[in-house]
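*Asks:* I'd like to ask some things about the structure below.
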Amino acid sequence: MDPATHLKLTLESIADCIHMEETVILSIPIISQKPIFRHNRWIPDIDNIRKSTITPGKTASENRKWIVFVHTLAIVYNLLEEERYMTKRELYYTHVSLYGTQKCSDKAIQMVSNYLQTCRSQLNIFNAPKGFVAGPIHIDGDSYSGEPRSVPLNPSGMRNVINKAKAMIIIENQATFHALNKTRIKNDFLLVTACGYPDLSTRSFCCNLQRTLGIPAFGLMDCDPDGVQIFLSYKYNPSSRTYYHDYSIQTLKWLQLDTPATLNWRHFTERDIRLVDNLLAREDVCDCDEIQEVLYSMKQSQIKYELQAWISSEHESLDEIVYRALEEAQ
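Numbered per our numbering, the sequence shown spans residues 220 to 549.
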């Protein structure tokens, strides 16, 4: 059953119960917060489900929780019926006095997501995009070849895409993104950044474009454990999510830049050592020889490099380094 139909039936059932002066009890499935890795992606552990219920209570606190939940159900139903979209912040402002805090409205969204057993993007509710895009592409009439533009709020709604990019380069940080956008790289490649760990809109955008266009995708990350973790969140669904669509880019390749002796580097910290060991134990990493090799190399050298080191390098221009890495990766 699609979310809109499910919500319509739920709201009608609530209205009928109120009219008949009957108690309303809704069951909310809660899946384990630890998904399982199957078929090269993280999926919900549907074999580990427990049930929670929500109903008008005998206390003011229980009643408020019920009202917040039903209000959020109604908002989501209207969004789906009218094919509109809303940010989490905008949802909070639909009834500030009811929600009280952003945390309360976020929790209500998660409850609705659990109730419908679907991801938040399927509720037409998104985080305000934090990602940026630049390159030789037009999306729904908008050109991205000039100044960087924000990732579309609803990437799955993209319809008309005209692409001239040879490949997509997903960049970890904003500084490197802007540095490359000032070079000839932007004439040939689509540049994307989420300014660190990716939000849902940026992952959805990258996934939808890559699958629609069929172009190669590369990850340009800091050569450190956090960079690998960010890379994996694009290549596979994040392992922390309970309900989600498959926004993985399983063909994503790690873009390895040359590391001349003059490049600035830093020693591993105790945290880095622990993080590498944790990453090597992950199921998705065990299935990815490329990333295992990167991690074992880091672990052996105990050295890490940030992309900023290549930007400030006097040895060679950044675009020349990236072009060479792309040629070797393809």
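Ideal Cβ placement from N, Cα and C applies to all residues, glycine included.
If I'm right that LEU545 touches PHE396 with Cβ under 8 Å, what's the distance once you round it to whole angstroms?
*Replies:* Actually they are not in contact, since the Cβ atoms of LEU545 and PHE396 sit about 16 Å apart, beyond 8 Å.
*Asks:* Let's see if you can read the secondary structure: which residues bound the alpha helix (DSSP H) around ASN427?
*Replies:* Taken as a continuous stretch (DSSP letters only), the alpha helix (DSSP H) holding ASN427 covers 419-432.
*Asks:* Report all residues from its chain with a CB closer than 6 Å to the CB of LYS472; omit the five preceding and five following residues, and keep chain order.
*Replies:* For LYS472, where only same-chain residues beyond five positions count, the Cβ hits under 6 Å are PHE437, ALA548.
*Asks:* Which of the three DSSP states, helix, strand or coil, is assigned to ARG283?
*Replies:* Helix.
*Asks:* From this set, LEU432, ASN406, SER452, CYS414, which residue's C-alpha is nearest SER369's C-alpha?
*Replies:* Out of LEU432, ASN406, SER452, CYS414, CYS414 has the C-alpha closest to the C-alpha of SER369.
*Asks:* When you compare the CB positions of PRO181 and ALA353, do they come within less than 8 Å of one another, or not?
*Replies:* For residue 181 there is no data in the structure shown, the boundaries of the chain being 220 and 549.
*Asks:* Just verifying my parser: in three-state terms, what is the DSSP assignment at ASN382?
*Replies:* ASN382: strand per DSSP, three-state reduction.
*Asks:* Taking LEU439 as part of the beta strand (DSSP E), name the residues at either end of that continuous run.
*Replies:* 436-439 is the span of the beta strand (DSSP E), which, as asked, contains LEU439.
*Asks:* Between the Cα of PHE487 and the Cα atoms of ASN373, ALA398, VAL315, CYS442, which residue gives the shortest distance?
*Replies:* The candidate whose alpha carbon is nearest that of PHE487 is CYS442.
*Asks:* Are the segment 374-391 and the segment 424-433 touching, with three or more C-beta to C-beta distances below 8 Å?
*Replies:* These segments touch.
*Asks:* Where ILE244 and TYR304 are concerned, what is the direct C-alpha to C-alpha distance, given to the nearest angstrom?
*Replies:* The alpha-carbon atoms of ILE244 and TYR304 are separated by roughly 29 Å.
*Asks:* Give the single residue among GLY446, THR412, LEU298, LYS383 whose Cα lies nearest to the Cα of ILE218.
*Replies:* The structure shown has nothing for residue 218, since the chain only spans 220 to 549.
*Asks:* I believe VAL289 touches ILE237 by the beta-carbon criterion, under 8 Å. Please report the beta-carbon distance rounded to the nearest angstrom.
*Replies:* The pair is not a contact, with the Cβ atoms about 10 Å apart (cut-off 8 Å).
*Asks:* ILE530: which of GLY319, ILE247, THR402, GLU300 sits nearest, CA to CA?
*Replies:* If we check each option's Cα against that of ILE530, THR402 comes out closest.
*Asks:* Quick test of your reading: THR274 and THR242, contact by CB under 8 Å. State the CB separation rounded to the nearest angstrom.
*Replies:* That pair is a contact at about 6 Å.
*Asks:* Look up LYS472 in the DSSP assignment and say whether it is helix, strand or coil.
*Replies:* LYS472 falls in the strand class under three-state DSSP.
*Asks:* Keeping to the same chain, check which residues put their C-beta closer than 6 Å to that of PRO355; ignore five residues upstream and five downstream.
*Replies:* Excluding residues within five positions, the ones whose Cβ falls inside 6 Å are SER364, LYS383, ALA384.
*Asks:* Skipping 5 residues on each side, what residues in its chain have a beta carbon closer than 6 Å to that of GLU509?
*Replies:* Same-chain partners within the cutoff: TRP473.
*Asks:* How long is the line joining the alpha carbons of SER452 and GLU391, rounded to whole angstroms?
*Replies:* C-alpha separation (whole angstroms): 11 Å.
*Asks:* Per DSSP, PRO344 is paired with what?
*Replies:* The sequence given here has Ile at residue 344, not Pro. Per DSSP, MET305.
*Asks:* Give me the DSSP bridge partner(s) of MET387.
*Replies:* For MET387, which the question treats as bridged, DSSP gives the partners LEU409, ALA436.
*Asks:* Please name the residue in LEU399, GLN336, MET440, SER375 whose C-alpha comes closest to that of THR421.
*Replies:* With distances taken between Cα atoms, THR421 lies closest to SER375.
*Asks:* Just the Cα atoms here: how many angstroms apart are ASP477 and GLU502?
*Replies:* Straight-line Cα distance between these residues: approximately 28 Å.
*Asks:* When you compare each of GLN448, LEU226, LYS277, PHE351 to ARG409 by their alpha carbons, which one comes out closest?
*Replies:* In the sequence as displayed, the identity of residue 409 is Leu instead of Arg. Closest by alpha carbon: PHE351.
*Asks:* Note down the Cα distance separating ILE358 from ALA293, rounded to an integer number of angstroms.
*Replies:* Near 32 Å, if we compare the C-alpha coordinates of ALA293 and ILE358.
*Asks:* Quickly, what does DSSP pair PHE351 with across the bridge? List them, please.
*Replies:* Paired residue(s): SER369, THR412.
*Asks:* What residue range is occupied by the uninterrupted beta strand (DSSP E) comprising HIS314?
*Replies:* Note, HIS314: premise wrong, no beta strand (DSSP E); not H, not E.
*Asks:* On the criterion of 16 or more Cβ atoms from any shown chain inside 10 Å, does VAL286 qualify as buried, or is it exposed?
*Replies:* According to the sequence shown, residue 286 is Ile rather than Val. Counting Cβ neighbours within 10 Å, ILE286 comes out exposed, since fewer than 16 surround it.
*Asks:* Please tell me whether HIS225 and LEU335 are closer than 8 Å, where the distance is taken between their beta carbons.
*Replies:* In this structure, LEU335 lies closer than 8 Å to HIS225 by Cβ.
*Asks:* Could you name the residues of the same chain whose beta carbon sits closer than 8 Å to that of ASN282, not counting the 5 residues immediately before and after it, in chain order?
*Replies:* Once the five neighbours on either side are set aside, the close Cβ partners of ASN282 are PRO275, GLY276.
*Asks:* Put TYR334 into one of helix, strand or coil per three-state DSSP.
*Replies:* Helix at TYR334.
*Asks:* Going by C-alpha to C-alpha distance, which of GLU535, PHE450, ASP418, ALA398 sits closest to SER340?
*Replies:* Nearest C-alpha to SER340: ASP418.
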